[in-house]
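For the record, the sequence lines run as chains A and E.
Residues 30 to 367, numbered by the working numbering, are exactly what the first sequence covers, in order.
Residues 9 to 518, numbered by the working numbering, are exactly what the second sequence covers, in order.
Taking it in order: structure first as structure tokens, then the write-up.
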Amino acid sequence: MRRISECAVVLVALLLAACGAEGGQSTSDGDAGKASLAGEKIDLVVPYEPGGGYDIYARLLAPYLEKCLDATVVVKNEPGAGGLLAASKTFVAPPDSLRTVLTNTVGLVSAQLAEAEGASFQAEKFSWLGRVSAEPNVLVVASDSKFGSFEDLLKATDEVRFVATGPGSNEYVNSTVLPEIYGFPAKTVTGFEGSDAARAAVLSGDADAHILPLDSQMKAIKAGDVKPLLVIANEPHDALADVPTVADFPPRQGQEGTLDALIKLSDTGRSLAGPPEMPPDQLAALREGLGCAIENEELLAKAEKQERDVDPLTGDETVKVVDEALGAPPEFTELIKE
Amino acid sequence: MFQTFFQSLLEVLQPETMLIMLAGIAIGFVVGVLPGLGGSVTLALMLPFVFDMEPVQAFAFLLGMWVVTATTGDITSVLFGVPGEATSAATVFDGYPMTKRGEAGRALGAALLSSTQGALLGAFFLALSVPILRPMVLAFGPPEFLMMTLLGLTFVVALSGRNVLKGFLMAAFGMLVALVGIDPQEGVPRFAFDQLYLWDGIDLVPLVIGLFAGAEVLQLMLSKTSIADKTMAKEISGIGQGVRDTFRHWSVVVRSSAIGIVIGIIPGMGGSVSQFIAYGHAQQTSKHPEQFGKGSIEGVLAAGANNNAKDAGSLIPTIAFGIPGSVGAAVLLGAFMITGLNPGPEMLTTNLNVTFSMVWIMVLANIVAVAVAFLLIRQLVKLTYIPGTWLVPFLLILLGIGAFTASNNINDIFVMLGAAVLGVVAIHWDWPRVPFLLAVVLGGLAERYLFLSYSLHEWFWLTKPSVLVLAALIIFIAVWPYVRSARGRGKKPVPAPVEQPDDDLTKVGK
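Next up, the structure:
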């Protein structure tokens, strides 16, 4: 009797362990035979830890992608090397492995342009499935900052102190390039463990300014903790209609190309990529599936509720946007190399 | 404000909300027990379910689940030496040795109840701090963070036990391990050997699992006995003793909770750090520091209480500024957006009821979870009498899953195995493992905050009053043991308690 109960305990424990391993998966029950990927398992890799924007987009997308493809989509977090690890692993994955990664395309392209260590991929060679979103970057300062407008920054005589996580990040690229374009003294303080910790330094007055994509800034702007001074795009954004854009401020002579490259870089946004040389039928099916999922009304409603912009591009359009960003002029690449 | 406080309790007690919370608790309970599938990943998986919920319901579900994972994570730590969560690692140090000498019931009772007490204290502090939430968060910056990491490092001396030199050598080795990865300032990879895996440094989860659990499983394989020594088994009534222990050593519980709250507030420092600092401080202040690592009840209490209090701490910057204090809090931030809440001043005015409801949810969820856990302890403890040959395969699976699922990287398994070998070597030749871990965790942070302090303030940060106060505290803590032993020399020595463990039990092949 004792023996049996011991066995039972071990069995239950093993079952529980198995559940733990499989916990991330769910099965699909859609129509059969819609696409060539029906019944397949597709990995949707998030290159960061749970809780960030990429994680939210991926988990938002997964159920609708499942429905559109009639496949199982498994969201996996593979944090490491500022997102480069998951991208590099995807770059060398077998072409037909059905591994996709929601890339921080800005980070990939700028790492490649800067010839950074660890950029062991060519962004143009990924099988681009499409873009999910691309928000313009926004420059903010604390709401009680001495800088009331972007003109104040332009007139600054002391160094304007920007904050960023580390070299190569979107924040870093923007806050090193923007002062060069407009010619005001600035310094970027790096080393924060995350964008949120960096924001804390701006709020407490230890630093002056922070550049992040719009959706990462919105909640702090709404709460009144920070005020937006500049949208780094040519057109004003609906959510910040009163905030000036870079179109309102002409760059220094000879810096037009740099400004253009900076905007094109942010156009690459959050995009879905597969390994290079993906079989054409798989690529077509995945592109169609992504296109179908991203137009789903329910998905769009959920995204809006979370204040996450959806700004899709097709696979072909994404390839074009990535190519354009990679064609940045040498003066731009020189700036981000250091 | 008081009216809102009690109104929010009624909101949580609505039948529908309670039902949702119980569902969250049930999920959190299982996830907490299982190593690997961590609390934050589970939260992320469950996030889509809250789209149609009211704010209070959404937090009842998610927060209820999250705080419970921290509580029940201690169960596997105590019974098998495998931390159920990365933040439950310190519970292993003393909880598992207690299990080995047949005191699993007492250790579990103490760990679970101190977890609840930590949660209550954390929740209490969260409620109290509402009026000063925002200025309090901004009062801490990189210079203060740096001083706190240094404060943590001074515990290396206490954690080294009898041989301080060995402790320092292990800590120095830990510092070297902390150097691996991209340096936080310039973004240059160090000791990465062209491996992207090493860019983020050696991950703490596989390291802890290997160093402690892996080493124990290796020993269990060699010993061919069960985890708990049957001849030494005491009655399960030890649970009651464990419960009494939490009150007998109430000051350890309170101080460890306070440490958890403060460190929880700091974004980026998070749960895995605070448990080591709380543990180190408990050993430093204990009358029987020599028992730490060999089954000290105070060690179990410090780890347990700290673990849950830090969750409340990490909610504070999340609520006040939308700056999450931990990965779990970062996922909860998603729930703010989904339910249409804006972290910031609104949470302290129009949505104050939601903020207070979080306090109640933390309290209620912990009480429910611990009550259920107490009912199950008897059955759970029986697991430790299963012969090693039966248990080892199952434990190996747990180890593998635990190490792998932290970041879904196969290399983590190799790190875990390497750490297991290191752990066995350290046990066999009596080298302390905890100073090594402490240095791995704090070394990287100390470097980060030193550079940030300098970039933000140059050398002026050294003159900040808060920095000077913390510096004085560090000196006091470093010198205090010597003062105490000098003063105590005249008096008669404190007798060691009867439950002094048998040291040889921890030796390989016994």
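Glycine included, every Cβ here is placed at the ideal spot set by N, Cα and C.
Own chain, CB closer than 6 Å to residue i, minus 5 neighbours either side, in chain order
i: residue 135 of chain E; result: 367
i: residue 284 of chain A; result: 210
i: residue 55 of chain A; result: Note that residue 55 of chain A has pLDDT 38, beneath the 50 cutoff, so the model's placement of it is unreliable and no number is given.
i: residue 212 of chain A; result: 281
i: residue 348 of chain A; result: 157
i: residue 325 of chain A; result: 93
i: residue 304 of chain E; result: 102
i: residue 450 of chain E; result: 157, 160, 161
8 Å Cβ shell around residue i - same chain, five flanking residues per side excluded
i: residue 243 of chain A; result: 164, 165, 166, 167, 260, 266, 268, 269, 338
i: residue 364 of chain A; result: 205, 206, 209, 287
i: residue 12 of chain E; result: 360, 361, 364
i: residue 84 of chain E; result: 41, 42, 43, 90, 91, 92, 96, 406
i: residue 403 of chain E; result: 88, 90, 221, 225, 228
i: residue 253 of chain A; result: 172
Beta-bridge pairing of residue i - partner residues as DSSP gives them
i: residue 2 of chain E; result: Since the first residue shown for chain E is 9 and the last is 518, residue 2 of chain E is missing from the structure and cannot be characterised.
i: residue 238 of chain A; result: A/170, A/191
i: residue 261 of chain A; result: A/166
i: residue 157 of chain A; result: A/302
i: residue 105 of chain A; result: A/74
i: residue 216 of chain A; result: A/190
i: residue 395 of chain E; result: E/234
i: residue 133 of chain A; result: A/299
i: residue 269 of chain A; result: A/266
i: residue 274 of chain A; result: A/260
i: residue 270 of chain E; result: Answer by DSSP bridge pairing: none, since residue 270 of chain E is not bridged.
i: residue 142 of chain E; result: Paired residues: none, contrary to the question.
i: residue 255 of chain A; result: A/171
i: residue 170 of chain E; result: According to DSSP, which records beta bridges pairwise, residue 170 of chain E is partnered with nothing at all.
i: residue 128 of chain A; result: A/72
i: residue 342 of chain A; result: A/160
Chain A contact residues for residue i, given Cβ-Cβ distances below 7 Å
i: residue 193 of chain E; result: 219, 220
Amino acids of chain A, ordered along the chain, whose beta-carbon sits closer than 9 Å to that of residue i
i: residue 72 of chain E; result: Chain A residues near residue 72 of chain E: none, gap ~18 Å exceeds 9 Å.
i: residue 208 of chain E; result: 108, 109, 110, 111, 114
i: residue 63 of chain E; result: None at all; the shortest Cβ gap to chain A is about 13 Å.
i: residue 28 of chain E; result: Per Cβ cutoff of 9 Å: no residues; residue 28 of chain E is ~19 Å from chain A at best.
Partners in chain A for residue i, counting only beta-carbon separations shorter than 8 Å
i: residue 298 of chain E; result: Under the 8 Å cutoff, chain A gives no residues; its nearest Cβ is about 35 Å from residue 298 of chain E.
i: residue 353 of chain E; result: 252, 253
i: residue 205 of chain E; result: 109, 114
i: residue 31 of chain E; result: None at all; the shortest Cβ gap to chain A is about 16 Å.
i: residue 275 of chain E; result: 222, 223, 225, 226, 229
Cross-chain neighbours of residue i in chain E, by beta carbon under 7 Å
i: residue 84 of chain A; result: 52
i: residue 336 of chain A; result: 345
i: residue 146 of chain A; result: 197
i: residue 152 of chain A; result: Those do not exist, as residue 152 of chain A stays about 16 Å from chain E at its closest Cβ, beyond 7 Å.
Cβ shell of residue i (< 7 Å), same chain only, five flanking positions each side left out
i: residue 427 of chain E; result: 214, 215, 218, 219, 222
i: residue 150 of chain E; result: 457, 460, 461, 464
i: residue 224 of chain A; result: 194, 200, 241, 245
i: residue 9 of chain A; result: Nothing about residue 9 of chain A can be read from this structure; chain A reaches only from 30 to 367.
i: residue 52 of chain A; result: Residue placement at residue 52 of chain A cannot be trusted, given a pLDDT of 38 that sits under 50; what the coordinates show is reported in the next sentence. None.
i: residue 430 of chain E; result: 219
i: residue 32 of chain E; result: 68, 69, 70, 72, 73
Per-residue contacts from residue i into chain E (C-beta, under 9 Å)
i: residue 122 of chain A; result: The premise fails here: residue 122 of chain A is roughly 14 Å from chain E at the closest Cβ pair, so nothing lies under 9 Å.
Closer than 7 Å, Cβ to Cβ, to anything on chain A: give me those residues from the segment 399-421 of chain E, in chain order.
402, 405, 406, 409, 415, 416, 417
For the segment 184-208 of chain A, enumerate the residues whose C-beta is nearer than 8 Å to any C-beta of chain E, in chain order.
190, 195, 196, 197
Anything in the segment 317-336 of chain E with a Cβ closer than 7 Å to a Cβ of chain A? List those residues in chain order, please.
329, 330, 331, 332, 335
Relative to chain A, which residues along the segment 453-483 of chain E have a C-beta separation below 7 Å, given in chain order?
456, 459, 460, 463, 464
Taking Cβ-Cβ distances below 7 Å as the criterion, which residues of the segment 226-247 of chain A are in contact with chain E?
If the cut-off is 7 Å between Cβ atoms, the segment 226-247 of chain A has 226, 228, 229, 230, 232, 233, 235, 236 near chain E.
Ordered list of alpha helix (DSSP H) runs contained in the segment 422-494 of chain E, each at least 4 residues
442-465
Interface positions of the segment 119-153 of chain E facing chain A (Cβ-Cβ less than 7 Å), listed along the chain:
146, 149
Going residue by residue through the segment 329-387 of chain E, where are the continuous alpha helix (DSSP H) segments of at least 4 residues, counting only ones entirely within it?
335-346
Continuous alpha helix (DSSP H) assignments of at least 4 residues falling wholly in the segment 16-52 of chain E
Fully contained in the segment 16-52 of chain E are the following alpha helix (DSSP H) runs of length 4 or more, in chain order: 23-41.
Within 9 Å of chain E by C-beta, residues of the segment 262-280 of chain A in sequence order
Listed in sequence order: no entries.
When Cβ atoms are compared, which residues of the segment 319-334 of chain A fall closer than 8 Å to chain E?
331, 334
Please specify which runs of the alpha helix (DSSP H), each continuous and at least 4 residues long, are wholly inside the segment 93-121 of chain E, giving them in chain order.
97-108
Any residues in the segment 285-309 of chain A with a beta carbon nearer than 8 Å to a beta carbon of chain E? Which ones, in chain order?
Interface annotation for the segment 285-309 of chain A against chain E: empty, criterion Cβ-Cβ distance under 8 Å.
Proximal residues, the segment 65-80 of chain A versus chain E, C-beta separation under 7 Å:
78, 79, 80
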